[in-house]
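For the sequence shown, counting from 1, position 326 maps to 326 in the UniProt record's numbering; every step adds exactly one.
All residues carry an ideal CB built from backbone N, CA and C; glycine is no exception.
Comments concern the structure below.
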Amino acid sequence: MSAPRAVVVDRIGLLVTNDPTLGEGPLGIVRDAALVVYDGRVVAVERAGAVGDERIDVDGRCVIPGFVDSHTHLVFAGDRGDEFVARMAGAPYAAGGIRTTVEATRAAGDDELLRLALARRDEAARAGITTLEIKSGYGLTSHDEARCLHLATGLTDHTTFLGAHVVPAEFEGRTDDYVHHVCTDMLDAVAPHARWIDAFCEVGAFDADQCRAVLTAGMARGMGGRLHANQLGHGPGVRLGVELGCASVDHCTYLSDADVEALAASDTVATFLPAADFSTRQPYPDARRVLDAGATVALATNCNPGSSYTTSMSFCIALAVRDLRMTIDEAIRAATVGGAAALRRPDLGVLRPAARADLVVLDAPSYTHLVYRPGVPLVGATYSAGLRIDRPAG
Ligand code: NIG
């Protein structure tokens with residue numbers, strides 16, 4: 001094994017550190033910079049021309065922290081392209097479509113599920129994502145939830161048990177029995193593999209009492225709370241998530257004044273998933289209102305086969321600026337340090353000494369091009385802990 005070496009990412013035209021003490025504005029911008037990385041961590045932000053054992057010359061390009069994608073459902077089998085086509089022709093999105101993916105996922109072997117999840121993980125790396133949260137929720141038996149989460153532990157530290165995603169067909173009309181099963185046998189089966197617990201609080205999925213029971217049971221086992229809330233209409237989800245001290249409430253498409261006030265007075269992150277609003281033809285949330293109230297905001301892809309089949313954080317950033325009324329700086333922060341806050345990981349989403357060296361080299365002079373040039377693949381290279389991850393090894 002070779003000893004760690006100091007790697008200098010040199011001749012960075014514009015470096016986003018996300019640390020205002022290191023540079024200009026909320027993004028902590030440093031121009032003509034070099035980033036010194038040692039043993040997978042940032043050790044210094046210097047002027048271009050810094051010396052190290054190895055040099056990566058980025059020739060004036062922009063470097064930003066790797067995207068922290070705090071909401072995905074990467075482990076699944078099957079395809080719901082037909083459902084998407086029907087929606088584009090006017091059919092509404094409903095939680096029940098999840099059962100289609102449950103059927104396909106249960107029928108798939110472990111090797112197949114892992115192959116599919118790895119392909120999506122690699123696609124995410126090519127899109128600049130260096131940290132992924134991955135939920136279960138397409139198994140919905142103790143055995144299938146546990147195996148999906150076990151597979152996910154090979155891809156991320158941030159695995160989330162989402163047994164309360166939808167009521168499976170075999171429990172039709174017996175939602176409370178299913179919730180009891182989730183809180184007992186299923187929780188026992190998944191506990192070794194899950195860092196977080198989540199539930200889908202929505203008409204057609206689970207009500208506030210049922211979600212409270214699930215989250216409370218998981219938290220009593222040491223899992224952190226997260227919640228799908230206010231995706232398809234107004235409801236109690238956001239305030240429930242805040243009350244239970246969830247790290248994040250996700251979707252937040254429909255927000256009342258009381259929801260916004262509760263978020264602003266809490267540590268709970270409001271995570272917007274604009275690609276889901278795009279793919280389900282929902283209205284876009286008004287992120288401006290939430291930001292102006294002082295809440296912490298994240299952006300995530302919500303990669304899943306039903307409501308948002310994308311790994312493109314750049315697309316989410318462009319939507320956030322164009323349609324959620326975020327500034328470009330706010331959207332970049334939400335996709336990096338905001339996602340890190342939603343996962344309670346202060347060492348991620350920033351490029352300052354001691355942070356993990358997760359970074360993206362853009363084929364552009366500025367991060368503004370992510371919005372200015374929508375749909376163009378501007379991620380030139382992605383590094384996780386100082387190692388390149390956007391192309392096959394070797
Ligand atoms: O976050 N809303 C619930 N879960 C996913 C969608 C799942 C599906 O439709 O398969 C979401 O949008």
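Separation of the CB atoms of Thr17 and Val9 is rounded to 12 Å, and the pair is thereby denied contact status at 8 Å. In the structure shown, the three-state DSSP call for Tyr367 is coil. Contact between the segment 31-47 and the segment 322-334 is absent: fewer than 3 CB-CB pairs across the two stretches fall below 8 Å. Rounded to whole angstroms, Gly78 and Ala6 show a C-alpha spacing of 44 Å. Boundaries around His158 are those of the beta strand (DSSP E), 158-164, since no alpha helix (DSSP H) includes it. The alpha carbon of Thr268 has as its nearest neighbour, out of Ser279, Cys252, Pro283, the alpha carbon of Cys252.
Cβ atoms of His71 and Glu133 come within 8 Å of each other, at about 6 Å.
Taking a 10 Å sphere around the C-beta of Glu24, we find fewer than 16 other C-beta atoms and assign the residue as exposed.
Taking 9 Å as the cut-off, the Cβ atoms of Phe67 and Ile129 count as close. Closest in C-alpha terms to Glu54, from the list Leu378, Tyr38, Thr21, comes Tyr38.
Judged by DSSP secondary structure, Cys62 falls within the beta strand (DSSP E) whose first and last residues are 62-65.
Rounded to the nearest whole angstrom, the C-alpha separation of Phe171 and Ala164 is 12 Å. A residue is called buried when at least 16 other Cβ atoms come within 10 angstroms of its Cβ; Glu112 does not meet this threshold and is exposed. Nearest C-alpha to Val361 among Gly204, Cys148, Pro283, Val379: Val379. Here the segment 137-149 lies against the segment 165-184, with 3 or more beta-carbon pairs under 8 Å apart.
Using a C-beta cut-off of 8 Å, the segment 344-356 makes no contact with the segment 276-294, since fewer than three inter-stretch Cβ pairs fall below that distance.
Not a single heavy atom of the ligand NIG lies less than 8 Å from the C-beta of Glu24.
Per the coordinates, the alpha-carbon of Asp363 lies some 45 Å from the alpha-carbon of Arg221. An exposed status is given to Leu387, since fewer than 16 other beta-carbon atoms sit within 10 Å of its beta-carbon.
Of Ala125, Gly218, Cys201, the smallest CA-CA separation from Cys211 is found for Cys201.
Secondary-structure assignment with DSSP links Gly224 through a beta bridge to Trp196.
At least one heavy atom of the ligand NIG sits closer than 8 Å to the Cβ of Leu273. Annotation: the continuous alpha helix (DSSP H) that includes Ile98 extends over 98-107.
The beta carbon of Ile389 is closer than 6 Å to those of Ala125, Thr382 in its chain, skipping five residues each way along the sequence.
Under the 10 Å beta carbon count, Ala48 is surrounded by 16 or more other beta carbons and is classified as buried.
Restricting attention to beta strand (DSSP E) runs no shorter than 3 residues, the segment 15-100 encloses them at 29-38, 41-47, 54-57, 62-65, 67-69, ordered along the chain. With the rule of 3 Cβ pairs closer than 8 Å, the segment 266-280 counts as touching the segment 298-317. Taking 8 Å as the upper bound for CB-CB distance, Ile317 and Leu370 are in contact here, some 5 Å apart. The residues Arg120, Glu123, Ala124, Ala127, Ile129, Thr301, Cys303, in chain order, have a CB closer than 7 Å to that of Thr311 in the same chain once the five nearest residues on each side in sequence are set aside. When the five nearest sequence neighbours on each side are left out, the beta carbons in the same chain lying within less than 8 Å of the beta carbon of Arg239 are those of Ala258, Asp259, Ala262, in order along the chain. About 6 Å separates the Cβ atoms of Phe272 and Leu299, confirming a contact at the 8 Å cut-off. Straight-line measurement puts the Cα of Gly90 at about 30 Å from the Cα of Ala107. Taking 8 Å as the cut-off, one finds no heavy atom of the ligand NIG near enough to the beta carbon of Tyr254. Look at Thr301: its beta carbon is at least 8 Å from all of the heavy atoms in the ligand NIG. The shortest C-alpha to C-alpha distance from Ala191 to any of Leu162, Pro4, Ala270, Arg373 is the one to Leu162.
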